[in-house]
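In what follows, a single structure is set out as structure tokens and then discussed.
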Amino acid sequence: MWVIDLENGGFYFGPGDLSGADYQSFYDQIASLGNFVEGYFSIGHNSLDNYIAQVSGQAPNPQTQEDCPVNTDWEPPGASVLNPLGQAVGQGCLLPANVPTLGDQLDTAFAGGGHATWKGYMEGMGTDPSTGYATTCAQGGVNGGDASSPGAYAGKHDPFIWFHGIIDSVQRCDAHVVPLSQLPADLSSVDTTPNFSWITPTLCNDGHDCGSAGFQPWLEKYLPIITSSPAYRQDGMIVLTYDEQAVASIPGIAPPLEVASCCNEIPGPNAPNPGVGGPGGGIVGAIVLSPFVEPATFTPCTWPSTGDGRLAQPTCVSGPMFNHYSALRTFEDLFGITSGGTDGAGHIGYAATPNPGHFGCATSPAPDGTAGDVFDGICPPPYDGSPVPPLTTSAVSGLTGPRPADGAFTWQQTVNGNDLNAVSCAPQSPAVCVAVGKVGTVLASVDAGATWHAQPTALARNLNGVSCDMSITCVAVGDDGVVLTRTSSLGAWQKQPSPTNGDLSAVSCAPESAVCVAVGRGGVVIGSAD
45 MWVIDLENGG FYFGPGDLSG ADYQSFYDQI ASLGNFVEGY FSIGHNSLDN
95 YIAQVSGQAP NPQTQEDCPV NTDWEPPGAS VLNPLGQAVG QGCLLPANVP
145 TLGDQLDTAF AGGGHATWKG YMEGMGTDPS TGYATTCAQG GVNGGDASSP
195 GAYAGKHDPF IWFHGIIDSV QRCDAHVVPL SQLPADLSSV DTTPNFSWIT
245 PTLCNDGHDC GSAGFQPWLE KYLPIITSSP AYRQDGMIVL TYDEQAVASI
295 PGIAPPLEVA SCCNEIPGPN APNPGVGGPG GGIVGAIVLS PFVEPATFTP
345 CTWPSTGDGR LAQPTCVSGP MFNHYSALRT FEDLFGITSG GTDGAGHIGY
395 AATPNPGHFG CATSPAPDGT AGDVFDGICP PPYDGSPVPP LTTSAVSGLT
445 GPRPADGAFT WQQTVNGNDL NAVSCAPQSP AVCVAVGKVG TVLASVDAGA
495 TWHAQPTALA RNLNGVSCDM SITCVAVGDD GVVLTRTSSL GAWQKQPSPT
545 NGDLSAVSCA PESAVCVAVG RGGVVIGSAD
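Sequential numbering from 45 applies to the sequence shown in the working numbering.
Structure representation (structure tokens):
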């Protein structure tokens, strides 16, 4: 899962710079890969309180509402008193060590998993231009100044450096708050990709300083890198949204729009108005991208006139509404976190209240009925370590195309691919080769490997072995005892009955007969004479 916040705006258009004329085609391209969550709200102003809320469920306080120009320590010092809704009672920027984050939850849920389960990727972080401003864990420390850097990294847009539970351990912070330059290498395989990734662009590239001229080329570069990665293609999800609505400076916009809230948002114990001038951070919208998403055409919303020279709340928002607390609750549920937290069911802070609900990923309505599974099937299933099932309908071709298991389109060239586990070339027809790999991936070549194309298999199990005989009949085997056959170089793959449900690791077929033998975990051996 990857979360990317753009800055100070939303997928809702007004006059002037927010007309949407320059954004429409680009948003259409993004939405062709995913779906638009209309009723999505930020929770406050200014930036920092929204970032903190997204990873901890903590409400704004006066210091975070001012973006913490000085990293004031929490008062009273030491472990904080948490009220019944999981809110730290007090004032300050650096939250006490007993205030949990999603990172803490993931570390517990995936303890011993073999790689970092979460990372924050920060662009332009650090003060050394010789490293390309690529420093780990750049933060000002207790009572220090803003951690912003000449590389245009802004500490107020980094959600993780405000928690003593992270920054008090240099080793932990360095491992989890890293420069964006690490992202391509981490995405090279499923095993090296964190389960949860937060990505913060520079002040220009997130639109804060440069508007769409900054974020459009940045997204055009980085979205394909993510969507072509093995982890995304297996069971990935990208949430693209804005930290807060910022329309007050646009002439003609009714001020309440910027501080609108939803979902019965309540203030925390430390500040009466999360939005400073009102109850929330305004409506921003969100786009969810995933191989599990049924793509939809993006239809921008505009603000209608109130008749007095101002513009009113968008009227195109219908159905359930959600906010940053809803997103956190959704992430917790998707990662299968079902214990601990404020409510004992895996939800921390205001993500533990029933009102936020989920945005498109719930399996049942929230207790108050406000937020059920409004986009049925668009989100990955809760993580249990098992291979994901294929889509029952085809995904459209977008920046990178569908997963191989979709079985409808040929993959375009991608930056990375699913891991390949085995290859076989027909002994009497060496120009014909087949490679198999993770998540049902099959690639075929009829020119001795010069070019390759994907072949649909309609399943998402890992394939571990393949053997092609002299007649170009090929047999592939994989996890859960799966056996597939193909009888021509471009023919369809058919699933065959298997006498085992254990993982099969290799197969060999005699080049001049119909005899094949497959072996697998636990010493299993199966054979076929046809």
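Every residue gets a Cβ at the ideal spot worked out from N, C-alpha and C, and that includes glycine.
These numbers come from a predicted model, not from an experiment.
Can you tell me whether residue i is helix, strand or coil according to DSSP?
{"i": "residue 354", "result": "Low confidence applies here, because residue 354 scores a pLDDT of 45, under 50, leaving its location unreliable; read the following figure in that light. DSSP places residue 354 in coil when its eight states are reduced to three."}
{"i": "residue 384", "result": "strand"}
{"i": "residue 433", "result": "Low confidence applies here, because residue 433 scores a pLDDT of 38, under 50, leaving its location unreliable; read the following figure in that light. Note: residue 433 maps to coil in three-state DSSP."}
{"i": "residue 491", "result": "coil"}
{"i": "residue 439", "result": "Below a pLDDT of 50, predicted positions are generally treated as unreliable, and residue 439, at 36, falls in that range; no measurement from the model is reported."}
{"i": "residue 150", "result": "helix"}
{"i": "residue 282", "result": "strand"}
{"i": "residue 376", "result": "helix"}
{"i": "residue 253", "result": "coil"}
{"i": "residue 119", "result": "strand"}
{"i": "residue 230", "result": "helix"}
{"i": "residue 305", "result": "coil"}
{"i": "residue 571", "result": "strand"}
{"i": "residue 412", "result": "Because the pLDDT of residue 412 is 35, which lies under 50, any placement of that residue in the model is unreliable, and the question is left without a value."}
{"i": "residue 319", "result": "coil"}
{"i": "residue 475", "result": "strand"}
{"i": "residue 454", "result": "Because residue 454 sits at a pLDDT of 34, beneath the cut-off of 50, its placement in the model cannot be relied upon, and the point is left open."}
On the DSSP letters alone, give me the boundaries of the beta strand (DSSP E) that residue i sits inside.
{"i": "residue 165", "result": "162–166"}
{"i": "residue 244", "result": "240–244"}
{"i": "residue 530", "result": "527–530"}
{"i": "residue 468", "result": "464–470"}
{"i": "residue 513", "result": "Careful: residue 513 lies outside any beta strand (DSSP E) and carries neither H nor E."}
{"i": "residue 87", "result": "That residue, residue 87, is in no beta strand (DSSP E); it is neither H nor E in DSSP."}
{"i": "residue 389", "result": "389–391"}
{"i": "residue 49", "result": "46–50"}
Any heavy atom of the ligand MG within a distance shorter than 6 Å of the CB on residue i?
{"i": "residue 493", "result": "For the structure depicted, the ligand MG is absent and the ligand set is empty, with no information on it obtainable."}
Would you mind reading off the limits of the alpha helix (DSSP H) that contains residue i?
{"i": "residue 94", "result": "91–100"}
{"i": "residue 265", "result": "256–271"}
{"i": "residue 107", "result": "106–109"}
Which residue's Cα is closest to the Cα of residue i: the options?
{"i": "residue 185", "options": "196, 386, 234 and 138", "result": "138"}
{"i": "residue 545", "options": "264, 102 and 505", "result": "505"}
{"i": "residue 333", "options": "74, 82 and 143", "result": "74"}
{"i": "residue 367", "options": "218, 87 and 46", "result": "87"}
{"i": "residue 392", "options": "328, 373, 380 and 525", "result": "373"}
{"i": "residue 246", "options": "216, 280, 166 and 172", "result": "166"}
{"i": "residue 564", "options": "530, 558 and 523", "result": "523"}
{"i": "residue 279", "options": "304, 238 and 244", "result": "238"}
{"i": "residue 270", "options": "527, 557 and 234", "result": "234"}
{"i": "residue 552", "options": "543, 253 and 562", "result": "562"}
{"i": "residue 569", "options": "394, 547 and 532", "result": "547"}
{"i": "residue 468", "options": "509, 90 and 47", "result": "509"}
{"i": "residue 277", "options": "231, 105, 226 and 381", "result": "231"}
{"i": "residue 503", "options": "536, 517, 181 and 169", "result": "536"}
{"i": "residue 250", "options": "54, 573 and 499", "result": "54"}
{"i": "residue 83", "options": "307, 52, 143 and 336", "result": "307"}
{"i": "residue 480", "options": "528, 494 and 123", "result": "528"}
{"i": "residue 322", "options": "312, 303 and 310", "result": "303"}
{"i": "residue 242", "options": "254, 465 and 221", "result": "221"}
{"i": "residue 396", "options": "130, 126, 315 and 463", "result": "130"}
{"i": "residue 484", "options": "389, 81, 274 and 151", "result": "274"}
{"i": "residue 466", "options": "495, 519 and 494", "result": "519"}
Spell out the partners DSSP gives residue i in its beta bridges.
{"i": "residue 80", "result": "331"}
{"i": "residue 539", "result": "528"}
{"i": "residue 552", "result": "561"}
{"i": "residue 481", "result": "464"}
{"i": "residue 497", "result": "488"}
{"i": "residue 578", "result": "Limits of the chain in this structure are 45 at one end and 574 at the other, which puts residue 578 out of reach."}
{"i": "residue 132", "result": "126"}
{"i": "residue 366", "result": "84"}
{"i": "residue 139", "result": "207"}
{"i": "residue 186", "result": "Paired residues: none, contrary to the question."}
Completely contained beta strand (DSSP E) runs for the region 195–227, where each covers 3 or more residues: You should have 221–223.
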